[in-house]
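In our numbering, the protein residues as written are 1161 to 1317. The C-beta atom is built at its ideal place from N, Cα and C for all residues, glycine as well.
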């Protein structure tokens, strides 16, 4: 007796999780903040009503946006140690991605460092210039080695 084969369903592309959608919105908000000098309260109000926020985590969005904007100077200084050019020469999109990644690596320890780097690379592919994902990968990797030395060392064993 032959075993009947079950018809296979076509593979669906996995939907990005809530944190991924939140990161996408954060990069957009940080871009607005940087280029339009938008106020934090204005950004929070605008993005609270954004259609994409339904797929995101509004609480973490607000917490991360506040944290990044309030600590932008120290975060940029921390990233700058790992750059090959001055911070001001980095594209605003990449600045947002680097600020977000550095914030997560230094302030939000619930996410593994490899996930943060991967997300930064994906955001750079989505929003950044061609090949900026390689630059983001290298910089966030160096930030992670400094900010999460124990976790990075443990992962290499």
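Cβ shell of residue i (< 6 Å), same chain only, five flanking positions each side left out
{"i": "residue 1220", "result": "1182"}
{"i": "residue 1229", "result": "1200"}
CB contact flag (residue i, residue j, <9 Å)
{"i": "residue 1250", "j": "residue 1243", "result": "yes"}
{"i": "residue 1255", "j": "residue 1236", "result": "yes"}
{"i": "residue 1286", "j": "residue 1179", "result": "no"}
{"i": "residue 1239", "j": "residue 1299", "result": "yes"}
{"i": "residue 1258", "j": "residue 1233", "result": "no"}
Burial state of residue i (16 or more Cβ within 10 Å)
{"i": "residue 1290", "result": "exposed"}
{"i": "residue 1310", "result": "exposed"}
{"i": "residue 1304", "result": "buried"}
{"i": "residue 1247", "result": "exposed"}
{"i": "residue 1270", "result": "exposed"}
{"i": "residue 1314", "result": "exposed"}
{"i": "residue 1211", "result": "exposed"}
Inter-residue spacing [alpha-carbon to alpha-carbon] between residue i and residue j
{"i": "residue 1222", "j": "residue 1199", "result": "13 Å"}
{"i": "residue 1177", "j": "residue 1214", "result": "12 Å"}
{"i": "residue 1102", "j": "residue 1301", "result": "With the chain covering only 1161 through 1317, there is no way to say anything about residue 1102."}
{"i": "residue 1204", "j": "residue 1296", "result": "26 Å"}
{"i": "residue 1276", "j": "residue 1245", "result": "23 Å"}
{"i": "residue 1265", "j": "residue 1278", "result": "12 Å"}
{"i": "residue 1308", "j": "residue 1218", "result": "26 Å"}
{"i": "residue 1316", "j": "residue 1274", "result": "12 Å"}
{"i": "residue 1306", "j": "residue 1312", "result": "9 Å"}
{"i": "residue 1202", "j": "residue 1193", "result": "10 Å"}
{"i": "residue 1288", "j": "residue 1282", "result": "9 Å"}
{"i": "residue 1231", "j": "residue 1272", "result": "21 Å"}
{"i": "residue 1292", "j": "residue 1209", "result": "30 Å"}
Whole-number beta carbon distance between residue j and residue i, since they are thought to touch under 8 Å
{"i": "residue 1191", "j": "residue 1253", "result": "6 Å"}
{"i": "residue 1225", "j": "residue 1189", "result": "6 Å"}
Sequence-distant residues of the same chain with beta carbon closer than 7 Å to residue i, five excluded per side
{"i": "residue 1227", "result": "1263, 1267"}
{"i": "residue 1216", "result": "1178, 1181, 1182, 1185"}
Residue i Cβ short of 8 Å to the ligand ZN heavy atom set
{"i": "residue 1215", "result": "What this structure holds is no ligand at all, so the ligand ZN is not there to describe."}
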